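Visitor:
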Amino acid sequence: MTNTPSPKQRTSKLAPEIPEGATAVLVLADGSVFWGQGLGAEGAAAGEVCFNTAMTGYQEILTDPSYAGQIITFTFPHIGNVGTNPEDIETRKPAARGLILRAPITEPSNWRTREPLDAWLKKNNLIGLSGIDTRALTIRIRDGGAPNGVIAHAPSGQFDLDALRQQAQAWPGLEGMDLAKEVTCGAAYEWKESIQGSAFSIREKSSECRPLNTECYHVIAIDYGAKLNILRCLVNAGCKVTVVPAQTSADDIFRLKPDGVFLSNGPGDPAATGVYAVPVVKAIIERGLPLFGICLGHQLMALALGGRTTKMKLGHHGANHPVKDLQTGKVEITSQNHGFVVLAESLPSSVEVTHVSLFDGTNEGFRMKDTPAFCVQYHPEASPGPHDSHYLFRRFIEMIEKHKASRRAA
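Take 2 as the starting number for the sequence shown in our numbering and just add one per residue.
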């Protein structure tokens with residue numbers, strides 16, 4: 002990559018000199034080097050370098066388990082300006098490999114701040130790099146695809162660039178990688194927290210995510226890397242939520258007597274996770290239980306029905322993606338984070354495509370015609386992002402109600 006070096010930033014092909022003041026570096030597998038100033042934890046981490054276009058919610062993004070194995074480039078420049086707090090997290094242990102910023106972190110200015118971002122990064126062992134031209138890096142990813150790289154932070158400013166390049170080249174990439182087993186829960190547990198019953202009520206008042214009735218439906222959420230706000234939305238929709246690990250068997254799920262099953266988001270290659278997940282999803286579909294999947298759950302449902310998935314050049318990472326609901330004609334602005342996609346042409350005739358991306362025409366959702374099962378590629382719980390798609394949780398509850406009514410009638 003060629004560009005004009007500046008005092009604060011330099012990009013080169015393994016340049017022997019280290020710019021003055023550089024305490025962090027991004028080295029790509031092709032040997033490209035981006036110098037900057039280090040943030041957060043010290044050390045080095047390898048992963049796929051992607052970019053996220055969201056203008057808010059950096060703490061939710063950094064704690065989204067779907068970012069396991071990835072180094073996140075933020076295209077919005079003001080990251081860290083509202084600090085961090087214990088409420089705006091989507092998992093207890095962040096799985097992202099690191100983050101890249103244009104501007105240094107400023108002092109936080111928000112009444113909800115409990116800790117500056119840099120201190121929070123250190124505590125969560127996340128490596129950061131600031132001071133590089135994120136626009137140039139984003140264009141590079143856009144044109145050439147998401148590369149493998151290593152982000153390194155050393156206050157001494159001393160780096161072995163050859164070793165870092167070799168580390169980047171040795172990283173296997175996300176294809177064929179099952180990361181769900183690394184971010185799933187260790188044991189089953191009941192989730193009780195809702196949105197309005199917690200500190201999240203200050204930013205979530207949507208009537209689309211409230212209980213529709215007094216009956217509490219038992220939903221099993223299979224955790225492939227579930228965001229916490231998904232679980233909150235299920236509770237708000239009127240569910241008793243039991244979360245189970247990704248490798249839980251179908252028999253163990255059925256023993257819990259669920260009214261419905263939810264397939265969560267998650268990281269990695271769906272085909273790799275599908276080795277153990279697809280037989281379980283098939284069994285749930287054959288049992289006829291109401292089924293709702295998002296993100297990785299959407300991809301696993303497609304694989305269970307005989308469909309195929311493939312790695313995307315860029316993936317979808319942001320909170321401003323337009324998706325069209327083909328059933329209503331409505332366009333939703335959605336939150337997305339995925340690097341694999343379902344090939345719509347591979348889906349069987351028993352499936353109806355329900356949602357498509359208005360960015361690139363890729364599949365964003367489908368439903369089964371003869372079984373109470375549907376899924377979407379995007380994140381209806383948002384966090385961060387718009388709340389256009391909260392109606393999908395209501396749709397899931399209505400599906401459960403209809404299924405239970407038909408069972409009673411029989």
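Every residue gets a Cβ at the ideal spot worked out from N, C-alpha and C, and that includes glycine.
Since the model is a prediction, treat every value here as computed from it, not as a measurement.
May I have the straight-line CA-CA distance separating H154 from G330, to the nearest angstrom?
Guide: Looking up residue 154 in the sequence shown gives position 153. Looking up residue 330 in the sequence shown gives position 329. H154 and G330: Cα-Cα distance of roughly 48 Å.
Visitor: Can you tell me which of the three DSSP states I90 falls into?
Guide: For this step, residue 90 is matched to residue 89 along the sequence shown. Residue state, collapsed to three classes: coil.
Visitor: Going by alpha carbons, who is nearest to Q38 out of A25, C296, K314 and A320?
Guide: Stepping through the sequence shown from its first residue, residue 38 is reached at position 37. Considering only alpha carbons, the answer is A25.
Visitor: Apart from the five residues on each side of it in sequence, which residues of its chain come closer than 7 Å, Cβ to Cβ, to E402?
Guide: Your numbering for residue 402 matches position 401 in the sequence shown. Taken in chain order, the list of residues that qualify is empty.
Visitor: I'd like the ranges of any beta strand (DSSP E) spanning at least 3 consecutive residues and lying wholly in the segment 115–169.
Guide: Within the segment 115–169, the complete beta strand (DSSP E) runs of at least 3 residues are 128–131 and 149–154.
Visitor: Return the residue from the list C186, T64, V50 and W121 that minimises the CA-CA distance to A169.
Guide: Reading the sequence shown from its first residue, position 168 is the one you call residue 169. Closest option to A169, Cα to Cα, is V50.
Visitor: Comparing alpha-carbon positions, which option in K325, F367, S390 and Y68 lies nearest A47?
Guide: Reading the sequence shown from its first residue, position 46 is the one you call residue 47. Closest by alpha carbon: Y68.
Visitor: Put A23 into one of helix, strand or coil per three-state DSSP.
Guide: By one-based count along the sequence shown, residue 23 stands at place 22. Three-state result, A23: coil.
Visitor: Output the distance between the C-alpha atoms of D389 and G239, rounded to the nearest integer angstrom.
Guide: In the sequence shown, counting from the first residue as 1, residue 389 sits at position 388. In the sequence shown, counting from the first residue as 1, residue 239 sits at position 238. Roughly 19 Å separates the two Cα atoms.
Visitor: According to DSSP, simplified to helix, strand and coil, what is F394?
Guide: On the sequence shown, position 393 is the one that residue 394 refers to. DSSP places F394 in helix when its eight states are reduced to three.
Visitor: In angstroms with no decimal places, state the Cα-to-Cα distance between M302 and F394.
Guide: Locating residue 302 in the sequence shown gives position 301, where the first residue counts as 1. Locating residue 394 in the sequence shown gives position 393, where the first residue counts as 1. So the alpha carbons of these two residues sit roughly 17 Å apart.
Visitor: My understanding is that N86 touches T114, with C-beta atoms under 8 Å, so please give their C-beta distance in whole angstroms.
Guide: Here residue 86 corresponds to residue number 85 of the sequence shown, with the count starting at 1. Here residue 114 corresponds to residue number 113 of the sequence shown, with the count starting at 1. N86 to T114, Cβ: 6 Å. Contact.
Visitor: Between N266 and G316, how many whole angstroms is the CB-CB distance? I'm expecting something under 8 Å.
Guide: Within the sequence shown, residue 266 is the residue found at index 265, counting from 1. Within the sequence shown, residue 316 is the residue found at index 315, counting from 1. Contact doesn't hold; Cβ gap of about 13 Å is too wide.
Visitor: Helix, strand or coil, according to DSSP, for M369 in the structure here?
Guide: Translated into the one-based positions of the sequence shown, residue 369 becomes position 368. Of the three classes helix, strand and coil, the one that applies to M369 here is strand, per DSSP.
Visitor: Per DSSP, what kind of secondary structure is Y379 in: helix, strand or coil?
Guide: By one-based count along the sequence shown, residue 379 stands at place 378. Here Y379 sits in coil by DSSP.
Visitor: On the three-state DSSP scale, how would you describe G275?
Guide: If you number the sequence shown from 1, residue 275 lands on position 274. Note: G275 maps to helix in three-state DSSP.
Visitor: Check for me: the beta strand (DSSP E) holding H219 runs from which residue to which?
Guide: Position 218 of the sequence shown, counting from 1, holds the residue named residue 219. H219 -> beta strand (DSSP E) spans Y218 to D224.
Visitor: Please classify C217: is it buried, with 16 or more other beta-carbons within 10 angstroms of its beta-carbon, or exposed?
Guide: Stepping through the sequence shown from its first residue, residue 217 is reached at position 216. C217 should be labelled exposed.
Visitor: Just how far apart, CA to CA, sit G386 and T57?
Guide: Stepping through the sequence shown from its first residue, residue 386 is reached at position 385. Stepping through the sequence shown from its first residue, residue 57 is reached at position 56. Taking the straight line from one Cα to the other gives about 8 Å.
Visitor: With a CB to CB cut of under 8 Å and the five nearest residues on each side skipped, what residues in its chain are close to E91?
Guide: Position 90 of the sequence shown, counted from the start, is the residue given in the question as residue 91. The residues are E61, T64, D65, P66, K228, L229, N230 and S384.
Visitor: Beta-carbon within less than 7 Å of V377's beta-carbon, same chain only, minus the 5 sequence neighbours each way: which residues are those?
Guide: Taking the first residue of the sequence shown as position 1, residue 377 is located at position 376. Around V377: I295, H299, H356, E365, G366 and L393.
Visitor: From A99 to R409, what distance separates their C-alpha atoms?
Guide: The count along the sequence shown starts at 1 and reaches residue 99 at position 98. The count along the sequence shown starts at 1 and reaches residue 409 at position 408. Note on identity: in this sequence residue 99 is Gly, with Ala being the wrong assignment. If you take the alpha carbons of G99 and R409, they lie about 52 Å apart.
Visitor: DSSP state of G239, grouped into three classes?
Guide: Numbered from its first residue, the sequence shown carries residue 239 at position 238. Coil, per DSSP.
Visitor: In angstroms, rounded to a whole number, what distance separates the CA positions of L235 and L304?
Guide: Position 234 of the sequence shown holds residue 235. Position 303 of the sequence shown holds residue 304. Between L235 and L304, the C-alpha separation is close to 24 Å.
Visitor: Give the DSSP-derived three-state secondary structure of D65 in the structure shown.
Guide: Counted from its first residue, the sequence shown places residue 65 at position 64. Residue state, collapsed to three classes: coil.
Visitor: In this structure, does DSSP put F255 in helix, strand or coil?
Guide: Looking up residue 255 in the sequence shown gives position 254. Three-state result, F255: helix.
Visitor: From V281 to Q159, what distance separates their C-alpha atoms?
Guide: Locating residue 281 in the sequence shown gives position 280, counting from the first residue. Locating residue 159 in the sequence shown gives position 158, counting from the first residue. The alpha-carbon atoms of V281 and Q159 are separated by roughly 49 Å.
Visitor: If you draw a straight line from the C-alpha of G146 to the C-alpha of I140, how long is it?
Guide: On the sequence shown, residue 146 is found 145 positions in, with the first residue counted as 1. On the sequence shown, residue 140 is found 139 positions in, with the first residue counted as 1. Computed Cα separation, rounded: 9 Å.
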